[in-house]
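*Asks:* According to this note's numbering, the sequence shown is numbered sequentially starting from 709. Don't be surprised by glycine CBs; every beta carbon is placed ideally from N, CA and C.
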Amino acid sequence: MTNVKETLLAVGIVVPVIFLHLLLAPYTKVEESFNTQAIHDIIYHGIPYSDASGFFELKYDHTSYPGSVPRTFVGALVTAGITRPWVSFVKTSADVQTLARAAIGLYNGLAIVAFKAAVDASFGRLAGIWYLLLQASQFHVVYYASRPLPNMFAFGMSTIALRSLLLGYSTLDRSAASKQYRLCLYLLTVAGIIFRAELAVLLTTVTLYLITRKSISIKDVILPAGIAGVTMGLLVTVAVDSFFWQQSPIWPELAGFIFNTIQGHSSEWGVSPWWFYFGNSLPKILLNPFTFLVLIPLALLNPALRPRSLDILLPPTAFVAIYSVLPHKEWRFIIYIVPLLTTIASAGASWIWIRRSKTLINRLLALAMISSVVLSFVGSTAMLTISSWNYPGAIAITRLHGLVGSENAIIRVHLDNLSCQTGVSRFLQKRTGIENRAIESSLSKIQSQTVWVYDKTGDEATLLNPSFWNQFDYALVERPEKTIGKWEVLDTIDGFSGVRIVKPGAHLLRRECAPSSLLCQPLRSAESFVREKITKGWWMDFSMEPKIHILKKQIDQS
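#1: Mind reading off the beta-carbon distance from residue 1108 to residue 1182? Whole number of angstroms is fine, and I expect it under 8 Å.
#2: How many angstroms separate the CA atom of residue 1176 from the CA atom of residue 1264?
#3: Please work out which residues of its chain come closer than 6 Å, Cβ to Cβ, to residue 999, disregarding the five sequence neighbours upstream and downstream, and give them in chain order.
#4: Counting Cβ pairs closer than 8 Å, one from the region 838-850 and one from the region 756-769, do we hit at least three?
#5: Candidates 1238, 1210, 860: which alpha carbon is nearest residue 1249's?
#6: Starting from residue 1215 and walking both ways along the beta strand (DSSP E), at which residues does that stretch end?
#7: Which ranges would you report for the beta strand (DSSP E) in the region 1076-1149 if only whole runs of at least 3 residues count?
#8: Does DSSP put residue 1203 in a helix, a strand or coil?
#9: Taking the alpha helix (DSSP H) that residue 851 belongs to, which residues open and close that run?
#10: To the nearest angstrom, how far is it from the Cα of residue 1224 to the Cα of residue 967?
#11: Which parts of the region 892-951 are runs of the alpha helix (DSSP H), unbroken and 4 residues or longer, counting only runs that do not cross its ends?
#12: Between 1113, 726, 717, 1013, which has its C-alpha nearest residue 1088's C-alpha?
#13: Answer yes if the region 854-874 comes into contact with the region 898-908, meaning at least three C-beta pairs across the two stretches below 8 Å, and no otherwise.
#14: From the DSSP secondary-structure annotation, give me the bridge partner or partners of residue 1184.
#15: Does the region 967-982 come close enough to the region 783-797 that 3 or more CB-CB pairs lie under 8 Å?
#16: Have a look at residue 733 and residue 1203 and give me their C-alpha separation to the nearest angstrom.
#17: Excluding the 5 residues preceding and the 5 following residue 982 in the sequence, name in chain order all residues of the same chain whose CB lies nearer than 6 Å to its CB.
#18: Which class does residue 1197 belong to by DSSP, given the choice of helix, strand or coil?
#19: From residue 954 to residue 867, what does the alpha carbon distance come to, in whole angstroms?
#20: Per DSSP, what kind of secondary structure is residue 776 in: helix, strand or coil?
#21: Output the residue ranges of the alpha helix (DSSP H) runs that lie fully inside the region 999-1063 and measure 4 residues or longer, sorted by chain position.
#22: To the nearest angstrom, how far is it from the Cα of residue 956 to the Cα of residue 949?
#23: Between the Cα of residue 1160 and those of 1173, 1118, 1188, 1029, spot the shortest distance and give me the residue it belongs to.
#24: When the Cα of residue 773 is compared with those of 1112, 1167, 827, which residue comes out closest?
#25: Only counting the same chain, and skipping five residues up and downstream in sequence, which positions put a Cβ closer than 8 Å to that of residue 1061?
#26: How would you label residue 1212, buried or exposed, when you count the other beta carbons within 10 angstroms and need 16 or more for buried?
#27: By a C-beta neighbour count over all protein chains shown, 10 Å radius and 16 as the cutoff for buried, is residue 1222 buried or exposed?
#28: DSSP three-state call for residue 959: helix, strand or coil?
#29: Can you tell me whether residue 871 is buried or exposed? The criterion is at least 16 other CB atoms within 10 Å of its CB, across all chains shown.
#30: Pick helix, strand or coil for residue 1162, following the three-state DSSP scheme.
#31: Where does residue 781 sit, in a helix, a strand or coil, going by DSSP?
#32: From the DSSP output, read off the bridge partner residues of residue 1208.
#33: Using 10 angstroms around the beta-carbon of residue 783, count the other beta-carbons present and answer buried if the total reaches 16, otherwise exposed.
#34: Measure the alpha-carbon distance for residue 799 versus residue 993 and round it to whole angstroms.
#35: According to the Cβ coordinates, are residue 963 and residue 1230 closer than 8 Å?
#36: Return the chain-ordered list of same chain residues with a C-beta closer than 6 Å to the C-beta of residue 893, the five sequence neighbours on each side being excluded.
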C-alpha cells in the first residue's frame, strides 16, 4: 500500500508540472512541425484502405512539404491513435493539439515516475524523493516532455530502458540482473532504430560497460536483446513508414543518419566546439548548479556511494564524449542521460539530508540544497514565462480568425517563414471540409460557406513576383515592406526579444492581464511589492518587440 501511495504521489508531482508547462505554452515550433502535422492528418483524415498514394497526395501535409529526408510516422501514429477517441470531448482543433501533446506528456511523465523505482532500489526511498524534486525543477525535461519531437518519443523508451539498467545494478540475483540488462538493451535498440540514431552510441557504451564491468553473457543477454530489438524496430518502422511515404522499403532513421552524419548536412545548421555538451548543454539541462557542482561530486567522492555512482555515470559520460566528435550539437541529442545524472545527484542529496543535523556544515549544505531546488523552480517558471512568448505565429493566426468575418466564399492567407516556425500548424487553421489543393475544382460546393486557404510558399523568386501576392486577402509576415501591393496592418503580434535591467523609476513593459488569467493580477501585485519594498526600484524586465504583422489586402478603387 505504501508503494501505491508513493507512486500516486510521484505522479501527482511530475505529471501536473508537465501539464502546467503544456497549458502555458500550448503551441509548437518548426522542429515539431512534421509530427504535429502528421498527428493532425491521421486524426482528422484517417488512414486510407485504397489508393493510399492519391489520398496522401490530396490530404496529408508531408506530400507537400516532405523535408530533406523522410521521418518516421510511428510516434505520430501512436499519439493520434491514443488521442482520436477523445476528440469529441474538446471544442476546437487547437484543443485537440493540446490533447495530443498531453498524451505525449503523460507518457514521458509516467516513464519518469517509473524510473524513480529504480532510484529507490539503488539508493533508497529518500533518494527517490530528491530525484523527483530535482527532475521536476529542471526546465528542459518538463517543458519538452509533451512536445512531438522524435527525441521525446525516444525519451520515454530510453528512460524505461535505463530504469532496467539501474534495477540490474541493484539486484544480487544474477539471473534477475541479466533479465533487466536484456530489457535495457532491447528498448535502447528499438528506440534507436525507430526514433533517434544517436541512441546507438549510448547502446554501445552501455553494452561495452556491461561486458567489461559486469561480465554479462554475450550469448544469453546481448545477442537475444540485439536480435529481438533490431527485428522489432525494423518491422515497425519499415512497415509503417513504407506505407505513409509510399516507398518500399524505407527506414527513415537510417536515411536521416546518412544525410546528416555520413554526408555531413547537419553542419549546415551550425557547428559547436567539442566541449559544448559538457560545458554548455548539460549544465543548462540540469539547471541547478548545486546538482553538478556539489551533489554529483559528493556522490562520487563518498566511499559508500562511489561504486554505484560510477556504474551509473561512466556509460552516459562515454556516450557524450563520443557523440561530441560530431560538429553539429544540440542539447536534445543527449537528453536521454539526464535521469541518470539526476539519480547520482539524488544520492548525494539523500546523504546530505540524512546527516543535516549532525554538524553546522551539514546544516548549511542542507539549507543550500533546499534553496537551490526552490530557486530552480523559480528559474524554471521564469524560463516558462519567456518561452510562452516565443509563439507569435500561433497567436497571429488565432487573432486573424477572430478579426475576419464571413466576407468571402474563399479567404486566402499567406503565412511567411517566421509564422510557420513559431506556432502555425494545421490544428490552428480553420477546418473547411475541403482541402486546399482541391479548392479550384470544388468551387461549386462552397458557395454557402467560408473557406480558408493557407499558403506557405517560401521560395524567394516566387515572393518577388507581384502576381503571386494578388491572390491573397490576408498575410502574416515578419517584414511588411517585403510584401508587394497595397496592404493595411490590422494588428501586430509581439514576441520575446531579451532581458533588460530596469532602474528605479523606469516603467515596466507589461501586457494587460487576460480575463481568464486568475494568477496574473496577484502576481503583478506581488511583483510591485517586491520591487518597491525589497529591491528599491531595481528589477529585471522582459523585453518584447514586434514579430508578426497581420496584413489585409487593400482593393485598388481607381
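*Replies:* The short version:
#1: Position 400 of the sequence shown, counted from the start, is the residue given in the question as residue 1108. Position 474 of the sequence shown, counted from the start, is the residue given in the question as residue 1182. Sure, about 6 Å apart at Cβ, within 8 Å.
#2: Counted from its first residue, the sequence shown places residue 1176 at position 468. Counted from its first residue, the sequence shown places residue 1264 at position 556. Residue 1176 and residue 1264: Cα-Cα distance of roughly 16 Å.
#3: For the purposes of this step, residue 999 is taken as the residue at position 291 of the sequence shown. Result list for residue 999: 1053, in chain order.
#4: no
#5: Taking the first residue of the sequence shown as position 1, residue 1249 is located at position 541. Selected option, being the one with the closest Cα: 1210.
#6: Taking the first residue of the sequence shown as 1, we reach residue 1215 at position 507. Counting along the chain, residue 1215 falls outside any beta strand (DSSP E), and DSSP gives it neither H nor E.
#7: 1118-1123
#8: Position 495 of the sequence shown holds residue 1203. Three-state result, residue 1203: strand.
#9: By one-based count along the sequence shown, residue 851 stands at place 143. Note, residue 851: alpha helix (DSSP H), 847-852.
#10: Mapped onto the sequence shown, residue 1224 falls at position 516. Mapped onto the sequence shown, residue 967 falls at position 259. Per-residue confidence for residue 1224 stands at a pLDDT of 42, beneath the threshold of 50, marking its modelled position as unreliable; no derived number is given.
#11: 907-921
#12: Sequence index remark: in the sequence shown, residue 1088 carries index 380 (1-based). Of the candidates 1113, 726, 717, 1013, the one whose C-alpha sits nearest the C-alpha of residue 1088 is 726.
#13: yes
#14: What you label residue 1184 is simply residue 476 of the sequence shown in a count that begins at 1. Per DSSP, 1123, 1258.
#15: no
#16: For this step, residue 733 is matched to residue 25 along the sequence shown. For this step, residue 1203 is matched to residue 495 along the sequence shown. Residue 733 and residue 1203: Cα-Cα distance of roughly 13 Å.
#17: As a first step, residue 982 is located in the sequence shown; it is residue number 274 there, counting from the start. These residues qualify, in order along the chain: 1032.
#18: Taking the first residue of the sequence shown as position 1, residue 1197 is located at position 489. Note: residue 1197 maps to strand in three-state DSSP.
#19: Walking along the sequence shown from the start, residue 954 turns up at place 246. Walking along the sequence shown from the start, residue 867 turns up at place 159. Those two C-alpha atoms are separated by around 32 Å.
#20: By 1-based counting over the sequence shown, the position of residue 776 is 68. Coil at residue 776, not helix or strand.
#21: 1004-1009, 1014-1031, 1046-1062
#22: For the purposes of this step, residue 956 is taken as the residue at position 248 of the sequence shown. For the purposes of this step, residue 949 is taken as the residue at position 241 of the sequence shown. The alpha-carbon atoms of residue 956 and residue 949 are separated by roughly 9 Å.
#23: In the sequence shown, counting from the first residue as 1, residue 1160 sits at position 452. Checking every option, the nearest Cα to that of residue 1160 belongs to 1118.
#24: The residue you call residue 773 lines up with position 65 of the sequence shown. Looking at the Cα atoms, 1167 is the closest of the given residues.
#25: As a first step, residue 1061 is located in the sequence shown; it is residue number 353 there, counting from the start. Result list for residue 1061: 834, 838, 1074, 1077, in chain order.
#26: By 1-based counting over the sequence shown, the position of residue 1212 is 504. With fewer than 16 Cβ atoms within 10 Å of its Cβ, residue 1212 is classed as exposed.
#27: Counting from one through the sequence shown, the residue named residue 1222 turns up at place 514. Because residue 1222 sits at a pLDDT of 46, beneath the cut-off of 50, its placement in the model cannot be relied upon, and the following sentence gives the value as read from the coordinates. It counts as exposed.
#28: Position 251 of the sequence shown holds residue 959. Reduced to three states, the DSSP call for residue 959 is coil.
#29: Residue numbering aside, residue 871 sits at position 163 when the sequence shown is read from its first letter. Looking at its Cβ environment, which holds 16 or more other Cβ atoms inside 10 Å, residue 871 is buried.
#30: Counted from its first residue, the sequence shown places residue 1162 at position 454. Correct three-state label for residue 1162: strand.
#31: Position 73 of the sequence shown, counted from the start, is the residue given in the question as residue 781. Coil.
#32: As a position in the sequence shown, residue 1208 is number 500, starting the count at 1. According to DSSP, which records beta bridges pairwise, residue 1208 is partnered with 1249.
#33: Locating residue 783 in the sequence shown gives position 75, where the first residue counts as 1. Per the 10 Å Cβ criterion, buried.
#34: For this step, residue 799 is matched to residue 91 along the sequence shown. For this step, residue 993 is matched to residue 285 along the sequence shown. Using only the alpha carbons, I get a separation of about 35 Å.
#35: Looking up residue 963 in the sequence shown gives position 255. Looking up residue 1230 in the sequence shown gives position 522. In this structure, residue 1230 does not lie closer than 8 Å to residue 963 by Cβ.
#36: In the sequence shown, counting from the first residue as 1, residue 893 sits at position 185. The answer, listed in chain order, is 933.
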